[in-house]
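Enquirer: Residue numbers (this note's numbering): 382 to 736.
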Ligand code: DAH
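#1: Which residue comes first and which comes last in the beta strand (DSSP E) that contains residue 642?
#2: Going by CA-CA distance only, name the one from 563, 594, 465 and 718 that's closest to residue 411.
#3: Just to confirm, are residue 501 and residue 595 a CB contact at a threshold of 7 Å?
#4: For residue 637 and residue 652, I'd like the C-alpha separation in whole angstroms.
#5: Curious, which full-length alpha helix (DSSP H) runs of at least 4 residues does the segment 640-688 contain?
#6: Verify the contact flag: residue 702, CB atom, against every heavy atom of the ligand DAH, threshold strictly below 6 Å.
#7: For residue 554, which of helix, strand or coil comes out of DSSP?
#8: Should residue 563 be counted as a contact of the ligand DAH given a C-beta to heavy atom distance under 6 Å?
#9: Should residue 677 and residue 630 be called a contact, given that it needs their Cβ atoms to be closer than 7 Å?
#10: Less than 7 Å separating the beta-carbons of residue 564 and residue 583?
#11: Could you check if residue 600 belongs to the surroundings of the ligand DAH, using beta carbon to heavy atom distance under 6 Å?
#12: I'd like to know whether the C-beta atoms of residue 424 and residue 484 end up nearer to each other than 7 Å.
#13: Residues in its own chain within less than 8 Å of residue 433 by CB, not counting five upstream and five downstream?
#14: Within 10 angstroms of the Cβ of residue 486, are there 16 or more other Cβ atoms? Answer buried if so, exposed if not.
#15: Hey, is the segment 533-551 in contact with the segment 605-625, meaning 3+ C-beta pairs nearer than 8 Å?
#16: Can you round the beta-carbon distance between residue 462 and residue 437 to whole angstroms, since I take them to be within the 8 Å contact cut?
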C-alpha cells in the first residue's frame with residue numbers, strides 16, 4: 382500500500398515537472414522584447430536565482446531517481462534555451478539600434494556655429510567709426526518720409542525728376558508720403574531742430590524705383606555726413622574726406638574731386654579714389670581710368686540752411702553722401718549687388734572674423 386502511494390506521488394512529481402518544463406519551453410521560445418530593460422526583466426523572470434527555471438531545479442529533488450536523468454537533461458536544455466534566447470534578444474536589439482550604440486558619449490560636443498555680422502553692417506560700422514574719430518556722432522531718421530524733408534528743404538526744384546513716380550516709391554500722393562530716396566533727408570530733420578555746431582553721420586536704408594540687376598537694387602544703404610559751424614570751408618571737406626579714404630582703403634589712397642551738381646550743395650563735387658586693384662595704372666575694375674567714384678559732396682547750399690532755420694550769413698557747412706554697398710564692393714569685390722540682400726549663408730560666412 383505504502384509502495385503504491387509512493388509510486389503515485391513519484392509519478393505526479395514526474396508529470397508535473399514535465400508539464401512545467403514544456404510550458405516554460407513554449408513561453409521562452411515565443412519571447413520578444415522592445416528594449417534593453419525588457420530583456421533584463423525576462424532574464425530575471427527566468428534565469429535569476431529566484432527565477433522560474435531555478436525554482437524547477439529546486440523541485441528536482443522530488444523527482445524519483447529513475448526519472449532524474451531524463452528530467453535533469455530536460456531542465457538543462459531548458460536553461461540553455463532560455464540563456465540562448467536572452468542572448469539572441471540582446472544581440473538583435475544591439476544591431477537594430479546601431480545608431481544609439483554608435484553614439485560616443487565621451488566625444489566633445491559639436492562646435493556651436495557662431496553667426497556673422499552682415500558685410501553691410503561691417504562697412505557701415507567702419508564708416509561710422511572713422512568719422513567718430515573726427516568728432517561726428519550718429520543721427521537717424523525715418524524711412525517713410527514726407528516731400529519736404531526728402532526734397533523740398535533740400536532745394537529740389539518742383540519739376541525735379543526724383544519727384545516723379547518713375548524714380549521714387551510713393552505711399553500716398555498730396556500730401557506726399559514716400560520712401561526716402563537718400564539719407565540727406567536726415568540732414569533736414571536734424572537742422573530744423575538743432576543749431577550749429579552740427580557734426581553728424583546718418584546711416585540708413587534708402588529706396589529707389591529701379592529695376593533690380595547685378596548693379597542696381599530698389600533699396601540700398603547710404604551714410605550721409607553733415608558738418609555746420611562758423612567758417613567751415615571746402616578745405617575742411619577735402620581734408621575730412623582724404624582722412625576717410627585713407628582710413629578705409631589704406632594710407633596710399635589718393636582722392637580727386639570732380640565738379641558736379643546736387644540741388645542741396647553749392648559748389649558740388651564727386652569724389653574718386655585711386656583704384657587700389659591696379660594702383661592707379663588702369664584696369665577693368667576702374668574702366669582703365671585709374672579712379673573709382675565713391676561719393677558725392679559739397680558745401681551746403683545757403684538755401685538749405687535758410688529752409689531749415691539756420692542763418693546762412695553766420696554759418697556754413699559741408700555735406701557728403703556715400704553708398705554703403707559701393708564701399709563694400711570696393712573693399713570686398715562683390716560683383717553682384719543682389720548678394721547683399723539674398724542672405725545666402727555661404728556668402729555671409731565669408732565675412733566671419735578670423736579667430
Ligand atoms: N544724396 C545724394 C545721393 O543720394 C548723395 C549726396 C551728394 C549727399 C552730395 C550729400 C552731398 O550730402 O553733399 O545721390
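Every residue, glycine too, gets a C-beta built ideally from N, C-alpha and C.
Treat the numbers as computed from the prediction; the structure is a model and nothing was measured.
Expert: With the structure as the only source:
#1: The residue given as residue 642 occupies position 261 in the chain shown. Start and end: 636-643.
#2: In the chain shown, residue 411 corresponds to position 30, counting from 1. Selection 563, 594, 465 and 718 evaluated against residue 411 yields 465 as nearest (Cα-Cα).
#3: Residue 501 sits at position 120 when you count from the first residue of the chain shown. Residue 595 sits at position 214 when you count from the first residue of the chain shown. With contacts defined as CB atoms closer than 7 Å, residue 501 and residue 595 fail to qualify as a contacting pair.
#4: Taking the first residue of the chain shown as position 1, residue 637 is located at position 256. Taking the first residue of the chain shown as position 1, residue 652 is located at position 271. Between residue 637 and residue 652, the C-alpha separation is close to 6 Å.
#5: Contiguous alpha helix (DSSP H) elements confined to the segment 640-688 occur at 683-688, taking only those with 4 or more residues.
#6: For the purposes of this step, residue 702 is taken as residue 321 along the chain shown, with counting starting at 1. For the ligand DAH, a non-hydrogen atom lies closer than 6 Å to the CB of residue 702.
#7: Counting from one through the chain shown, the residue named residue 554 turns up at place 173. Of the three classes helix, strand and coil, the one that applies to residue 554 here is coil, per DSSP.
#8: If you number the chain shown from 1, residue 563 lands on position 182. For residue 563, the Cβ falls inside the 6 Å cut-off from some heavy atom of the ligand DAH.
#9: Counting from 1 along the chain shown, the entry for residue 677 is found at position 296. Counting from 1 along the chain shown, the entry for residue 630 is found at position 249. No, Cβ-Cβ distance for residue 677 and residue 630 is not below 7 Å.
#10: As a first step, residue 564 must be located in the chain shown, where it is residue number 183. As a first step, residue 583 must be located in the chain shown, where it is residue number 202. Contact check for residue 564 against residue 583 passes: the beta carbons are separated by less than 7 Å.
#11: Within the chain shown, numbered from 1, the residue matching residue 600 stands at position 219. No, Cβ of residue 600 sits at least 6 Å from all heavy atoms of the ligand DAH.
#12: Taking the first residue of the chain shown as 1, we reach residue 424 at position 43. Taking the first residue of the chain shown as 1, we reach residue 484 at position 103. No, these two residues do not count as a Cβ contact at 7 Å.
#13: For the purposes of this step, residue 433 is identified with residue 52 of the chain shown, where counting begins at 1. The answer, listed in chain order, is 405, 426 and 427.
#14: Residue numbering aside, residue 486 sits at position 105 when the chain shown is read from its first letter. Burial call: exposed.
#15: Contact between the segment 533-551 and the segment 605-625 is absent, because fewer than three Cβ pairs lie under 8 Å.
#16: Counting from one through the chain shown, the residue named residue 462 turns up at place 81. Counting from one through the chain shown, the residue named residue 437 turns up at place 56. Not a contact, Cβ separation roughly 13 Å.
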